[in-house]
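Working notes for the structure below.
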Amino acid sequence: MHHANHFYGHAHVLARWCGLGDRHPPRINGYVQHGWNIGDGLAPGHPYAERTPSLLWSEQTRRRAWAVGRRNVVVIGAPFTYLLALRPEDPPQPEEPEPVTREGTIWYPFHGWEGQHVRGDHRELIARIRDTEPGPVTVCLYWHEYGMRRVRRLYERAGFRVICHGYRGHWWRDTDPLFLDKQLTELRRHKRVASNRLTSAIFYGIAAGCEPAVYGDPMVLADEDPTFGGTARIRRQWPELHGESVDLPTAIEIARAELGTDHRCAPAELRELLGWAHLQENDVDD
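Residues in the sequence shown are numbered consecutively from 79, following the working numbering.
Following this line, the structure appears as structure tokens:
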């Protein structure tokens with residue numbers, strides 16, 4: 079299995095949907111798009127075997143992949159859409175006998191990763207958040223920045239609740255299989271979702287019932303790949319999703335298309351596409 083298929087527990091969510099349980103997911107016959115992007119759905123710089131299927135989120139991404147020469151592409155919808163179907167409603171927890179009332183904003187600062195760091199003014203972003211958000215703020219840092227004590231302390235000292243959904247995983251190691259589950263739980267606790275860039279988290283938040291916002295300095299990613307147009311193109315193509323207040327019906331329609339919600343496969347169909355057609359739950363290794 080390509081190691082990126084494990085990112086964020088995507089393979090684990092798909093295995094649950096296919097009825098293969100919570101154990102280690104079997105090898106996927108293909109490359110699953112692991113995050114929203116404006117290119118062909120696959121991360122630049124990753125090695126890919128020729129003729130191996132690309133399993134993409136949306137029809138828009140499939141068309142872009144076709145335009146750059148990829149032919150073995152299939153739209154299956156984002157793994158997050160399968161998680162939403164697996165968890166249509168969350169039951170109250172023992173310590174919270176009543177359903178959680180949505181409150182405040184969950185804010186996702188743009189992040190780096192092992193190979194690229196982000197440059198930007200976190201203090202300026204904090205000031206903008208304070209001036210904009212009407213209720214309590216939870217700042218969710220990516221594991222990369224959460225591990226930077228200097229960055230994490232800036233948000234803590236600003237009075238924000240600071241969390242991390244877990245480690246994405248890398249080269250088949252240390253993947254948190256409940257990453258998306260933790261994210262969905264947090265999103266459903268908040269009224270708004272916001273970031274300084276249009277990212278997967280914004281689309282997930284919209285799908286989970288949050289009001290979206292995209293504002294503030296988008297910051298700079300070291301050696302950012304400009305092939306598909308970068309942040310300038312994102313702002314041109316999706317202006318409706320940028321601003322401190324966004325039209326919710328429009329945002330819901332766009333998120334549905336970008337996440338490929340209408341392309342979500344039935345379990346038997348997905349098992350066939352992933353190469354799992356003949357597997358049963360007891361065939362999966364721990």
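Cβ atoms here follow ideal geometry from the backbone N, Cα and C, with glycine treated the same way.
Other residues of its chain near residue i: CB distance less than 6 Å, five sequence neighbours each side excluded
| i | result |
| --- | --- |
| V298 | R197 |
| R349 | C96 and A355 |
Closest by C-alpha distance to residue i, when choosing among the options
| i | options | result |
| --- | --- | --- |
| A121 | E128, H112 and A127 | H112 |
| G338 | G97, R141 and F85 | R141 |
| S273 | Y220, T328 and R266 | Y220 |
| V292 | A285, I312, R231 and A286 | I312 |
| E202 | V324, D295 and A279 | D295 |
| I252 | G244, L258 and L265 | It is worth fixing the name first, because residue 252 is Asp in this sequence and not Ile. Checked all of G244, L258 and L265; the closest Cα to D252 is G244. |
| A355 | N107, H81, N83 and F85 | N107 |
| V215 | H222, M226, R235 and G155 | R235 |
| G155 | E318, G119, H102 and C218 | G119 |
C-beta contact flag for residue i and residue j at 9 Å
| i | j | result |
| --- | --- | --- |
| H268 | R180 | yes |
| F188 | T277 | yes |
| Y109 | T130 | yes |
| H341 | V153 | yes |
| Y233 | H200 | yes |
| I284 | Y186 | no |
| G287 | H81 | no |
| I184 | E264 | yes |
| L351 | L133 | yes |
| G321 | P104 | no |
| R227 | V240 | no |
Opposing strand residues paired with residue i [DSSP bridges]
| i | result |
| --- | --- |
| C96 | Answer by DSSP bridge pairing: none, since C96 is not bridged. |
| W185 | V217 and A272 |
| L133 | V110 and V152 |
| V240 | V217 |
| R165 | Note: R165 sits in no beta bridge, so no partner. |
| R197 | V298 |
| G321 | V292 |
Beta-carbon proximity list for residue i, same chain, < 7 Å, skipping 5 on both sides
| i | result |
| --- | --- |
| G87 | T253, D254, P255, L256, F257 and L258 |
| L326 | E289 |
| G147 | none |
Sequence-distant residues of its chain with Cβ nearer than 8 Å to residue i (five each side left out)
| i | result |
| --- | --- |
| R275 | F188, V292, P296, M297, T309 and I312 |
Sequence ranges, beta strand (DSSP E) only - wholly within the segment 243-318, length at least 3: 270-273 and 289-292
Entirely enclosed alpha helix (DSSP H) segments - the segment 323-358, minimum 4 residues: 326-337 and 345-352
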